[in-house]
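Those letters in the sequence shown? Residues 0 to 158, by numbering that gives the first Met the number 0.
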Amino acid sequence: MQKAVKIYHAFDQFLLSKVQDGYLWLLDRTGVYVATLMFASFCVAPGISIIQQKFILLSGICIAIIGLICLFPYHLQDKGKNDAFNASALSIEAGRPRHFFLGLQYWFLVSDVIQFNLIGTIGTVLLIVCLVLQTVKIRDRDKRPFFKPVEKMAMEGSS
(Lines of atoms letter the chains of each structure in order from A and count residues from 1; the text may use other names and numbers.)
(Lines give C-alpha, C1' and ligand atoms only; values in the text may rest on other atoms or scores of the structure.)
Protein backbone atom coordinates (compact mmCIF):
# COMPACT_ATOMS: atom_id res chain seq x y z
CA MET A 1 0.00 0.00 0.00
CA GLN A 2 2.83 2.40 0.83
CA LYS A 3 4.35 1.79 -2.59
CA ALA A 4 1.04 2.65 -4.26
CA VAL A 5 0.84 5.87 -2.24
CA LYS A 6 4.41 6.79 -3.25
CA ILE A 7 3.59 6.14 -6.90
CA TYR A 8 0.43 8.24 -6.60
CA HIS A 9 2.32 11.16 -5.02
CA ALA A 10 5.11 10.96 -7.61
CA PHE A 11 2.56 10.97 -10.44
CA ASP A 12 0.64 13.80 -8.78
CA GLN A 13 3.78 15.94 -8.50
CA PHE A 14 4.69 15.18 -12.13
CA LEU A 15 1.19 16.14 -13.28
CA LEU A 16 1.19 19.31 -11.17
CA SER A 17 4.54 20.46 -12.55
CA LYS A 18 3.51 19.84 -16.17
CA VAL A 19 0.19 21.66 -15.76
CA GLN A 20 1.95 24.51 -13.92
CA ASP A 21 4.51 24.91 -16.72
CA GLY A 22 1.82 24.64 -19.38
CA TYR A 23 -0.37 27.24 -17.70
CA LEU A 24 2.46 29.75 -17.33
CA TRP A 25 3.32 29.28 -21.01
CA LEU A 26 -0.34 29.86 -21.92
CA LEU A 27 -0.60 32.85 -19.56
CA ASP A 28 2.38 34.58 -21.15
CA ARG A 29 0.98 34.13 -24.64
CA THR A 30 -2.75 34.65 -24.12
CA GLY A 31 -3.35 36.14 -20.66
CA VAL A 32 -6.03 33.54 -19.91
CA TYR A 33 -7.03 33.22 -16.25
CA VAL A 34 -6.87 29.96 -14.32
CA ALA A 35 -10.54 30.28 -13.34
CA THR A 36 -11.52 30.45 -17.00
CA LEU A 37 -9.77 27.14 -17.68
CA MET A 38 -11.26 25.64 -14.51
CA PHE A 39 -14.76 26.70 -15.51
CA ALA A 40 -14.35 25.38 -19.04
CA SER A 41 -12.95 22.02 -17.96
CA PHE A 42 -15.44 21.61 -15.12
CA CYS A 43 -18.47 22.42 -17.29
CA VAL A 44 -17.81 19.66 -19.83
CA ALA A 45 -19.64 16.95 -17.87
CA PRO A 46 -22.84 18.94 -17.27
CA GLY A 47 -22.56 20.33 -20.80
CA ILE A 48 -22.49 16.82 -22.25
CA SER A 49 -25.59 15.98 -20.21
CA ILE A 50 -27.40 19.02 -21.59
CA ILE A 51 -26.41 18.14 -25.16
CA GLN A 52 -27.68 14.60 -24.62
CA GLN A 53 -30.87 16.10 -23.11
CA LYS A 54 -30.36 14.28 -19.82
CA PHE A 55 -30.66 15.98 -16.43
CA ILE A 56 -31.04 19.40 -18.06
CA LEU A 57 -32.21 21.25 -14.94
CA LEU A 58 -29.66 19.56 -12.67
CA SER A 59 -26.89 20.22 -15.17
CA GLY A 60 -27.89 23.87 -15.41
CA ILE A 61 -27.79 24.17 -11.63
CA CYS A 62 -24.34 22.51 -11.60
CA ILE A 63 -23.02 24.99 -14.18
CA ALA A 64 -24.33 27.90 -12.07
CA ILE A 65 -22.66 26.52 -8.94
CA ILE A 66 -19.41 25.94 -10.84
CA GLY A 67 -19.54 29.52 -12.08
CA LEU A 68 -19.96 30.83 -8.55
CA ILE A 69 -17.08 28.68 -7.30
CA CYS A 70 -14.82 30.00 -10.07
CA LEU A 71 -15.60 33.65 -9.25
CA PHE A 72 -13.26 33.75 -6.21
CA PRO A 73 -10.05 32.69 -8.02
CA TYR A 74 -11.03 34.84 -11.00
CA HIS A 75 -11.45 37.86 -8.72
CA LEU A 76 -8.09 37.26 -7.02
CA GLN A 77 -6.22 36.93 -10.31
CA ASP A 78 -8.05 39.88 -11.87
CA LYS A 79 -7.15 42.17 -8.95
CA GLY A 80 -3.50 41.03 -9.00
CA LYS A 81 -3.68 39.40 -5.57
CA ASN A 82 -1.18 36.72 -6.54
CA ASP A 83 -0.06 36.02 -2.98
CA ALA A 84 -3.60 35.29 -1.79
CA PHE A 85 -4.29 33.23 -4.91
CA ASN A 86 -1.10 31.19 -4.45
CA ALA A 87 -1.80 30.66 -0.74
CA SER A 88 -5.23 29.32 -1.65
CA ALA A 89 -3.70 27.05 -4.31
CA LEU A 90 -1.14 25.71 -1.82
CA SER A 91 -3.82 24.94 0.76
CA ILE A 92 -5.91 23.13 -1.86
CA GLU A 93 -2.84 21.19 -3.04
CA ALA A 94 -2.03 20.02 0.49
CA GLY A 95 -5.62 19.28 1.47
CA ARG A 96 -6.99 15.78 1.86
CA PRO A 97 -10.28 16.49 0.05
CA ARG A 98 -8.42 17.15 -3.20
CA HIS A 99 -6.58 13.84 -2.95
CA PHE A 100 -9.82 12.02 -2.09
CA PHE A 101 -11.67 13.45 -5.09
CA LEU A 102 -8.66 13.04 -7.38
CA GLY A 103 -8.32 9.39 -6.37
CA LEU A 104 -12.04 8.94 -6.96
CA GLN A 105 -11.70 10.44 -10.44
CA TYR A 106 -8.79 8.10 -11.22
CA TRP A 107 -11.04 5.14 -10.32
CA PHE A 108 -13.80 6.56 -12.53
CA LEU A 109 -11.26 6.97 -15.32
CA VAL A 110 -10.18 3.33 -15.06
CA SER A 111 -13.84 2.26 -15.02
CA ASP A 112 -14.67 4.41 -18.08
CA VAL A 113 -11.69 3.05 -20.02
CA ILE A 114 -12.58 -0.56 -19.15
CA GLN A 115 -16.17 0.04 -20.28
CA PHE A 116 -15.01 1.81 -23.49
CA ASN A 117 -17.09 4.84 -22.47
CA LEU A 118 -15.51 7.61 -24.57
CA ILE A 119 -17.73 10.46 -23.35
CA GLY A 120 -17.29 9.37 -19.72
CA THR A 121 -13.52 9.17 -20.22
CA ILE A 122 -13.36 12.68 -21.69
CA GLY A 123 -15.50 14.08 -18.87
CA THR A 124 -13.40 12.35 -16.21
CA VAL A 125 -10.11 13.54 -17.71
CA LEU A 126 -11.39 17.11 -17.75
CA LEU A 127 -12.54 16.83 -14.12
CA ILE A 128 -9.02 15.65 -13.25
CA VAL A 129 -7.65 18.66 -15.14
CA CYS A 130 -9.94 20.93 -13.14
CA LEU A 131 -8.75 19.42 -9.85
CA VAL A 132 -5.15 19.95 -10.93
CA LEU A 133 -5.81 23.51 -12.17
CA GLN A 134 -6.98 24.45 -8.68
CA THR A 135 -3.37 24.03 -7.51
CA VAL A 136 -1.74 26.22 -10.18
CA LYS A 137 0.31 29.09 -8.81
CA ILE A 138 0.22 32.36 -10.73
CA ARG A 139 2.52 35.27 -11.38
CA ASP A 140 2.28 38.48 -13.35
CA ARG A 141 2.05 38.02 -17.09
CA ASP A 142 5.25 38.29 -19.13
CA LYS A 143 3.76 39.12 -22.54
CA ARG A 144 5.24 37.06 -25.34
CA PRO A 145 4.17 36.40 -28.91
CA PHE A 146 2.22 33.18 -29.42
CA PHE A 147 4.40 32.25 -32.38
CA LYS A 148 7.93 33.38 -33.08
CA PRO A 149 8.14 35.70 -36.09
CA VAL A 150 9.37 33.87 -39.19
CA GLU A 151 12.36 36.11 -39.82
CA LYS A 152 13.74 35.51 -36.32
CA MET A 153 13.50 31.77 -36.76
CA ALA A 154 15.27 31.98 -40.14
CA MET A 155 18.02 34.15 -38.63
CA GLU A 156 18.53 31.75 -35.73
CA GLY A 157 18.88 28.76 -38.06
CA SER A 158 21.61 30.40 -40.20
CA SER A 159 24.00 31.13 -37.32
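Using N, Cα and C, we set each Cβ at its ideal position, and we do this for glycine too.
- Close CB contacts of LEU75 within its chain, under the 6 Å cut and outside five residues either way in sequence, are with ALA83 and PHE84 (chain order).
- Judged by their CB atoms, PHE41 and LEU117 are not nearer to each other than the 8 Å cut-off.
- For THR123, the closest C-alpha among the options VAL135, LEU56 and VAL43 is that of VAL43.
- As the crow flies, the alpha-carbon of ASP27 is around 8 Å from that of PHE145.
- Apart from the 5 residues on each side of it in sequence, LYS78 has no Cβ closer than 8 Å to any other Cβ in its chain.
- Comparing alpha carbon positions, the residue from LYS5, CYS69 and ILE121 closest to ILE47 is ILE121.
- In this structure, GLN133 places its C-beta atom within 8 Å of the C-beta atom of ILE91.
- Two segments are said to touch when three or more pairs of C-beta atoms, one from each, lie closer than 8 Å; by this definition the region 22-39 touches the region 136-145.
- Excluding five sequence positions before and after CYS129, the CB atoms of its chain that fall closer than 6 Å to its own CB belong to MET37, SER40 and PHE41, given in chain order.
- The C-beta distance from ALA88 to VAL135 rounds to 6 Å, short enough to meet the 8 Å contact threshold.
- Spanning the alpha carbons of ASP11 and ALA3 requires a straight line of approximately 12 Å.
- It is roughly 24 Å from the alpha-carbon of LEU67 to the alpha-carbon of LEU23.
- In the structure shown, PHE99 adopts helical secondary structure according to DSSP, grouped into three states.
- Taking the Cα of LEU108 as reference, the smallest distance to any Cα among LEU25, GLY119, LYS5 and ILE55 is reached at GLY119.
- For ARG143, no alpha helix (DSSP H) segment is defined, and its DSSP state is neither H nor E.
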